[in-house]
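Colleague: If you scroll down you'll find the structure; I have some questions about it.
Number of protein chains: 2
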Amino acid sequence: MQIVILLYDGFTALDAVGPYEVLSRLPHTTVVFAAEQAGPVAVDTRMLSAVAEASLTDVPHPDIVLVPGGPRKATAPLLKPGPVRDWLLAADRDSSWTTSVCTGSLILAAAGLLKGRRATSHWTALHRLAELGARPSTARVVMDGKYITGAGVSAGIDMALGLAGRIAGRDNAEAIQLMIEYDPQPPYSAGSPQTAPPDLVTRMRLASGRSPRAVAS
Amino acid sequence: MQIVILLYDGFTALDAVGPYEVLSRLPHTTVVFAAEQAGPVAVDTRMLSAVAEASLTDVPHPDIVLVPGGPRKATAPLLKPGPVRDWLLAADRDSSWTTSVCTGSLILAAAGLLKGRRATSHWTALHRLAELGARPSTARVVMDGKYITGAGVSAGIDMALGLAGRIAGRDNAEAIQLMIEYDPQPPYSAGSPQTAPPDLVTRMRLASGRSPRAVAS
């Protein structure tokens with residue numbers, strides 16, 4: 002099974018690496034990081050580059066497509082027609098699963114793949130999913146047919162574990178969960194707009210689209 | 002504030018990228034990925050390379066040191082004297098915090114930094130921590146003085162959020178948690194040897210040290 006994770010300038014690292022860490026542990030599976038051109042691709046903060054081992058033309062028929070998200074500046078070019086959309090539409094034709102994390106769902110939606118489908122995204126971007134023809138959900142992971150979308154950044158881990166279970170059975174998914182010791186114990190309860198302090202939610206909503214850094218104080 | 006994340010051949014990607022995604026969002030903070038030599042560094046599965054932007058000699062005085070883990074084959078060379086240990090000991094002399102994720106704690110312990118200290122590691126490696134002079138704990142995150150160790154792979158996210166709170170206050174840490182939407186909802190409850198099915202724990206304990214892949218079936 003071949004899983005292709007799309008990299009593009011300014012993607013958010015954990016959106017891609019969270020699901021990779023889960024899915025790469027599936028039996029008989031290769032995860033390929035691919036970008037329009039092979040080579041290093043810088044993440045949103047510019048503090049890290051991941052190497053795309055393949056160009057998109059090298060991987061025309063993945064079994065699973067995964068599109069990570071990124072800040073508005075990074076995703077904007079991919080919401081327009083171009084070689085990435087062309088690849089995505091062609092790859093989706095034969096894929097078993099087409100998936101996204103965070104604002105990666107905007108890229109799927111802009112390509113027309115989520116028309117009328119339930120989908121999720123980063124909580125600050127859900128209204129944009131609606132503008133692009135999807136039916137937004139606040140769920141952490143949404144499956145509609147072969148399209149699975151995860152909420153913001155860290156949700157890719159939960160999405161990938163669920164997908165691992167569907168592909169390889171609960172026993173394999175639990176083995177992966179145990180080996181990545183995914184027994185989350187966040188020290189705060191601010192992980193969603195439903196649980197975070199309301200004034201923080203307001204401030205971060207206003208700040209979204211600007212810097213990815215904390216702007217809490 | 003400068004945070005240096007040590008990269009080495011065969012490290013586990015999420016061990017490094019989880020904490021990076023949290024800590025890079027702190028105000029006035031630069032995260033530098035550094036390796037003995039600058040350039041691409043392959044992860045344990047060989048399916049991904051991350052670029053070390055700096056060599057260790059470029060970053061002698063980090064405020065925070067973070068050492069990710071990896072499978073036995075990857076960490077073994079770093080349990081011996083050598084340039085990485087020399088750097089680690091020198092960097093630790095001035096660091097505010099010296100931290101690890103997963104079996105990264107074995108590297109700290111082998112360097113003598115955890116002697117007599119409480120520390121944690123991947124659940125399959127806790128006995129090795131004891132052999133290296135630390136006092137192993139099954140807690141997900143352990144702080145002993147300026148030394149913070151996280152349990153396996155995904156625990157780095159929890160460790161980093163707690164550290165973010167200590168450094169920049171609860172409000173900033175909660176802002177980061179909200180923006181990475183860290184509201185974990187694992188689809189299974191197998192994330193620790195305490196919660197996973199006992200026969201799975203036994204099988205994975207036997208398999209540990211071999212392939213990082215699921216070997217559940």
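As they're listed, the protein sequences go chains Z and P. Be aware that the first sequence starts at 2, since it is given in the working numbering, and climbs by one per residue. Be aware that the second sequence starts at 2, since it is given in the working numbering, and climbs by one per residue. Yeah, the Cβ is synthetic: ideal placement off N, Cα and C, and Gly gets one too.
Below 8 angstroms on the Cβ atoms is my guess for D1/Z versus R118/Z; work out the distance and round it to an integer in Å.
Modeller: The question about residue 1/Z has no answer, for chain Z in this structure spans 2 to 218.
Colleague: How many whole angstroms separate the CB atoms of S155/P and E182/Z, which I take to be in contact at a CB cut-off of 8 angstroms?
Modeller: Right, their Cβ atoms sit about 6 angstroms apart.
Colleague: Would you tell me roughly how many angstroms separate the C-alpha atoms of A169/Z and L107/P, rounded to the nearest one?
Modeller: C-alpha separation (whole angstroms): 32 angstroms.
Colleague: Tell me whether A217/Z sits in a helix, a strand or coil according to DSSP, three-state version.
Modeller: In this prediction, A217/Z scores a pLDDT of 43, lower than 50, which makes its location untrustworthy; no coordinate-derived value is stated.
Colleague: Please identify the residue among A36/Z, I65/Z, P194/Z and T46/Z whose C-alpha is closest to the C-alpha of V52/Z.
Modeller: With distances taken between Cα atoms, V52/Z lies closest to A36/Z.
Colleague: Nearest chain Z C-beta to S218/P closer than 9 angstroms, yes or no?
Modeller: Low confidence applies here, because S218/P scores a pLDDT of 38, under 50, leaving its location unreliable and the question unanswered by this model.
Colleague: Which of helix, strand or coil does DSSP assign to R118/Z?
Modeller: Correct three-state label for R118/Z: coil.
Colleague: Assuming L109/P and V44/P form a contact by the criterion Cβ under 8 angstroms, report the distance between their Cβ atoms to the nearest whole angstrom.
Modeller: 20 angstroms between Cβ atoms; not a contact.
Colleague: At 8 angstroms on the CB atoms, spell out the chain P contacts of A36/Z, in chain order.
Modeller: Per Cβ cutoff of 8 angstroms: no residues; A36/Z is ~13 angstroms from chain P at best.
Colleague: Tell me whether L115/Z counts as near the ligand FAD, meaning its Cβ is closer than 8 angstroms to at least one heavy atom of that ligand.
Modeller: Among the ligands in the structure shown, none appear at all, so the ligand FAD cannot be discussed.
Colleague: For H29/Z, which of V42/P, V23/P and T46/P has the nearest alpha-carbon?
Modeller: It is T46/P whose Cα lies nearest to the Cα of H29/Z.
Colleague: Taking one C-beta from the region 188 to 195 of chain Z and one from the region 174 to 194 of chain P each time, how about it: are there three or more such pairs within less than 8 angstroms?
Modeller: Contact between the region 188 to 195 of chain Z and the region 174 to 194 of chain P is present, because at least three Cβ pairs lie under 8 angstroms.
Colleague: Starting from D145/P, trace the beta strand (DSSP E) both ways and give me its first and last residue.
Modeller: Start and end: V142 to D145.
Colleague: Name, going along the chain, the residues of the region 98 to 130 of chain Z whose beta-carbon falls closer than 9 angstroms to a beta-carbon of chain P.
Modeller: Per Cβ criterion, the list reads C103, H123, W124 and T125.
Colleague: Enumerate in chain order the residues of its own chain whose CB-to-CB distance from D10/Z is below 7 angstroms, with the five nearest sequence positions on each side excluded.
Modeller: So the qualifying residues of the chain are V42, A43 and A75.
Colleague: Taking CB distances under 9 angstroms as the criterion, tell me whether T50/P reaches chain Z.
Modeller: At residue 50/P the sequence reads Ser, which differs from the Thr that was named. Yes, its Cβ sits closer than 9 angstroms to a Cβ of chain Z.
Colleague: Between P63/P and the rest of its own chain, which residues show a CB-CB distance below 7 angstroms, the 5 nearest in sequence each way excluded?
Modeller: Hits under 7 angstroms: Q3, I4, V5, A92 and S96.
Colleague: Less than 8 angstroms between the CB atoms is what I'm expecting for G70/P and C103/P, so what's the real figure, rounded?
Modeller: Between C103/P and G70/P the Cβ distance is about 3 angstroms, and since that is below 8 angstroms, they are a contact.
Colleague: Using a Cβ-Cβ cut-off of 9 angstroms, state whether R73/P counts as contacting chain Z.
Modeller: By this cut-off, R73/P is not an interface position.
Colleague: Measure the alpha-carbon distance for R206/P versus L115/Z and round it to whole angstroms.
Modeller: The alpha-carbon atoms of R206/P and L115/Z are separated by roughly 42 angstroms.
Colleague: From the beta carbon of L179/P, is the nearest beta carbon of chain Z less than 9 angstroms away?
Modeller: At least one chain Z Cβ lies under 9 angstroms of L179/P.
Colleague: Under 7 angstroms between beta-carbons, which chain P residues line up against Q186/Z? List them in chain order, please.
Modeller: By Cβ distance, chain P contributes R141 and D159.
Colleague: Looking at I149/Z and V23/Z, is the spacing between their C-beta atoms short of 9 angstroms?
Modeller: Result no, Cβ atoms of V23/Z and I149/Z do not sit closer than 9 angstroms.
Colleague: For Q3/Z, name the three-state secondary structure that DSSP assigns.
Modeller: Here Q3/Z sits in strand by DSSP.
Colleague: Counting along the chain, where does the beta strand (DSSP E) carrying P20/P start and finish?
Modeller: Segment A14 to L24 is the alpha helix (DSSP H) holding P20/P; no beta strand (DSSP E) there.
Colleague: With DSSP as the reference, please indicate the residues paired to A36/Z in a beta bridge.
Modeller: Answer is S56/Z.
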